[in-house]
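Enquirer: This is the structure I want to talk about, given as structure tokens.
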Amino acid sequence: MDKDKIRKHLDDAIEKQVPDVWDEVENRIHKAEESGYREKIVNPNNVSPLKKKKILYKRLSLAAAACLICIMTLTFTPVLAAIQEVYDKIFTSERIDDAGVRKALHAGLGQSLDQTYYDKEYDITVHFKSVLTDAKETKLLLTYQSDSTNLENYYIDLFEGVSSIQLITEDGQRQTLDNVGWGSDYYNSEENIKAEALSFESIKEYEGQEIRLEIEDLTIWDEGKGSVQTTWPLEFTLDESATSDRETVEVNKEFTFKNETYTIKHVEYSGLETRVVVTGSDIKPYIGPDGNKYHKRSKLERLFYNARKNDKELGYIVDEGKSGVFLESAGERVVPVFSKGEVESSLNEYIMFFAPVKDREDTILEVGDDSRIPLTE
């Protein structure tokens, strides 16, 4: 089989995830092993078992494809690149409604994990793809698929579901990591596979350390909230490639909108997002009948969400026909990240989330149709 045919064969297999195609790939590997190629096959699973617990992992089709390439092409790295490109498509596509994730991946950020865990009880195959983190948040990208369990209503809901993510450090310390917004997910009904971009608090401080993450319990949303009690473990050493820096620029500029005065305090830039932190004359807590303070939407926040549209296929996207709040950087529009709408902040501040910008020295906040404020010191 020549190189072009191999590329097409593997692209089709990954894109469609057809089981018999992967069976053929694995059969070819077994034949190659019997023919003396055994020493050339590389096991891509770099998970080491924990000292006290055994983790059940199995190599799946992506590993088989990589091994086949090692056997048949050895130095033909473009095919490897083609496999990764096809596998990455779901997380760089509009199916994931977090423009920050999409831009970060396009920029080459993140640590590749390429680990697979098999949940035998529920017949769910989990593939941990990559992890990205900075000083404020972490993104964990994964897919899970089943031949027998319908995953349509299954979610790793860290926001308001029963799901949680635990961090276990080298010294055995355990903590629950808080969510950052809702995260993003996509379900393919034909293949019964779900892709999730989980969003939770930063793990950057553990760079260089071996850590273990455990996804605990799945949330079922189907005319109510249900749960699946399970644990999906992931163990790895957090590499520098997973981390990115966050730059804070003090702005302290005022603008008005609908007779309210707002002050842009500062902007936070990272490879995952852009945060614009503001205060304002109507950004203040609401005191309820119980005496507690609650968040109250300001006119600026209402404008921010005015441009949000809930698309059945693509999740939260920008409604191009409505005004809103956007960034412009290097002449290009930068869209909001609506999935972070519930990130906690001070009751006297409002944080707007956008995708990463192209030029931090040339970024403008667009408020409605009239106001344009340069985000410079």
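Numbers given in my numbering equal positions in the sequence shown, counted from 1, plus 1161. Every residue, glycine too, gets a C-beta built ideally from N, C-alpha and C. Predicted model only: the values in this text are computed from it and were never measured.
1) How close, in whole Å, do the beta carbons of N1467 and G1485 come, if the pair is a contact with beta carbons under 8 Å?
2) Can you give, in chain order, each stretch of the beta strand (DSSP E) that sits fully within the stretch 1302–1345 and has at least 3 residues?
3) Give the DSSP-derived three-state secondary structure of L1270 in the structure shown.
4) Would you call the CB atoms of K1423 and G1441 closer than 8 Å?
5) Ignore the nearest five residues each way along the sequence and tell me which others in D1480's own chain have a CB closer than 6 Å to its CB.
6) Along the alpha helix (DSSP H) that carries K1460, what are the first and last residues, could you check?
7) Quick check: the Cα distance between I1534 and N1453, rounded to an integer number of angstroms?
8) Drop a sphere of 10 angstroms on the beta-carbon of Y1447, count the other beta-carbons inside from all chains shown, and report buried for 16 or more, exposed for fewer.
9) Who pairs with S1291 in a beta bridge, going by DSSP?
10) Quick one: any contact between the stretch 1279–1287 and the stretch 1301–1309, if contact means 3 or more CB pairs under 8 Å?
11) Return yes when the Cβ of L1359 is within less than 8 Å of the Cβ of S1405, no when it is not.
12) Give me the Cα-Cα distance between V1439 and Y1278, rounded to the nearest whole angstrom.
13) May I ask which residues mark the beginning and end of the beta strand (DSSP E) holding E1396?
14) For G1333, which residues of its own chain have a beta-carbon under 6 Å away from its beta-carbon, when the five flanking residues on both sides are left out?
15) Just to confirm the assignment, what range does the beta strand (DSSP E) spanning D1378 have?
16) Hey, would you say E1255 sits closer than 8 Å to L1475, going by beta carbons?
17) Exposed or buried, P1497, counting other C-beta atoms within 10 Å across all chains shown (16 or more means buried)?
18) Would you call the stretch 1353–1372 in contact with the stretch 1319–1326, where contact means no fewer than 3 C-beta pairs closer than 8 Å?
19) Using the three-state DSSP reduction, which class does R1263 fall into: helix, strand or coil?
20) Is any non-hydrogen atom of the ligand GDP found closer than 7 Å to the C-beta of I1251, if you look at the structure I gave you?
21) What's the gap between the Cα of F1237 and the Cα of E1313?
22) For Y1511, does the three-state DSSP call read helix, strand or coil?
23) Kindly indicate the opening and closing residues of the beta strand (DSSP E) around K1414.
24) Where K1300 and V1428 are concerned, what is the direct C-alpha to C-alpha distance, given to the nearest angstrom?
25) Using a Cβ-Cβ cutoff of less than 8 Å, which residues in the same chain neighbour H1267 once the five nearest sequence positions on both sides are dropped?
26) Going by C-alpha to C-alpha distance, which of V1528, V1292 and I1251 sits closest to I1354?
27) Between T1537 and E1522, what straight-line distance do the alpha-carbon atoms span, to the nearest angstrom?
28) Between G1449 and chain E, is any beta-carbon pair separated by less than 8 Å?
29) If you run the structure through DSSP and keep just helix, strand and coil, what is I1444?
30) Decide if S1345 is buried, meaning its Cβ has at least 16 other Cβ atoms within 10 Å, or exposed.
31) Find the nearest neighbour of V1323 within the set T1392, T1409 and D1378, judged by alpha-carbon distance.
32) Judging by CA-CA distance, which residue of I1525, G1492, D1531 and E1505 is the nearest neighbour of D1339?
33) Please report how far the alpha carbon of E1527 lies from the alpha carbon of D1259, in whole angstroms.
34) Going by DSSP in three states, S1222 sits in which element: helix, strand or coil?
Expert: Straight from the coordinates:
1) Indeed they touch by this definition, with Cβ atoms about 5 Å apart.
2) List check, beta strand (DSSP E) in window: 1325–1329 and 1335–1337.
3) Note: L1270 maps to coil in three-state DSSP.
4) The question names Lys, but residue 1423 is Tyr in the sequence shown. Their beta carbons are under 8 Å apart, which means Y1423 touches G1441 by this criterion.
5) So the list reads A1468 and K1470, once near-sequence residues are dropped.
6) Residues K1460 to N1467.
7) Rounded to whole angstroms, I1534 to N1453 spans 35 Å at the Cα level.
8) Exposed is the label assigned to Y1447, since fewer than 16 other Cβ atoms lie within 10 Å of its Cβ.
9) Under the DSSP definition of a beta bridge, S1291 partners with S1273 and L1302.
10) These segments touch.
11) Judged by their CB atoms, S1405 and L1359 are not nearer to each other than the 8 Å cut-off.
12) Cα to Cα, V1439 sits roughly 43 Å from Y1278.
13) E1396 -> beta strand (DSSP E) spans K1386 to T1398.
14) So no residue of the chain qualifies.
15) Membership of D1378 in the beta strand (DSSP E) is indicated by the continuous run E1371 to W1382.
16) With a cutoff of 8 Å on beta-carbon distance, E1255 and L1475 are scored as near each other.
17) P1497 is buried by the Cβ-count criterion.
18) The stretch 1353–1372 is in contact with the stretch 1319–1326.
19) DSSP places R1263 within a helical segment (H, G or I) once states are collapsed to three.
20) As presented, the structure is devoid of all ligands, the ligand GDP included, so that no description of it is given.
21) Note that F1237 has pLDDT 38, beneath the 50 cutoff, so the model's placement of it is unreliable and the number below is only indicative. When rounded, the distance between both Cα atoms is 38 Å.
22) Of the three classes helix, strand and coil, the one that applies to Y1511 here is strand, per DSSP.
23) Per DSSP, the continuous beta strand (DSSP E) segment holding K1414 begins and ends at R1407 to F1418.
24) So the alpha carbons of these two residues sit roughly 21 Å apart.
25) Leaving aside the five residues that flank H1267 on each side, the residues in its chain whose CB is nearer than 8 Å to its CB run, in chain order, T1253.
26) The residue among V1528, V1292 and I1251 with its C-alpha nearest the C-alpha of I1354 is I1251.
27) Distance between the alpha carbons of T1537 and E1522: 7 Å.
28) Protein chains in the displayed structure number just one, and chain E is not present.
29) In the structure shown, I1444 sits in coil (DSSP, three-state: anything other than H, G, I, E or B).
30) Taking every protein chain shown into account, the CB of S1345 has 16 or more other CB atoms within 10 angstroms, so this residue is buried.
31) Checked all of T1392, T1409 and D1378; the closest Cα to V1323 is D1378.
32) Closest option to D1339, Cα to Cα, is E1505.
33) Take the alpha-carbon of E1527 and the one of D1259: they are about 20 Å apart.
34) Residue placement at S1222 is flagged as unreliable, the pLDDT there being 44, under the threshold of 50; a coordinate-derived value is accordingly withheld.
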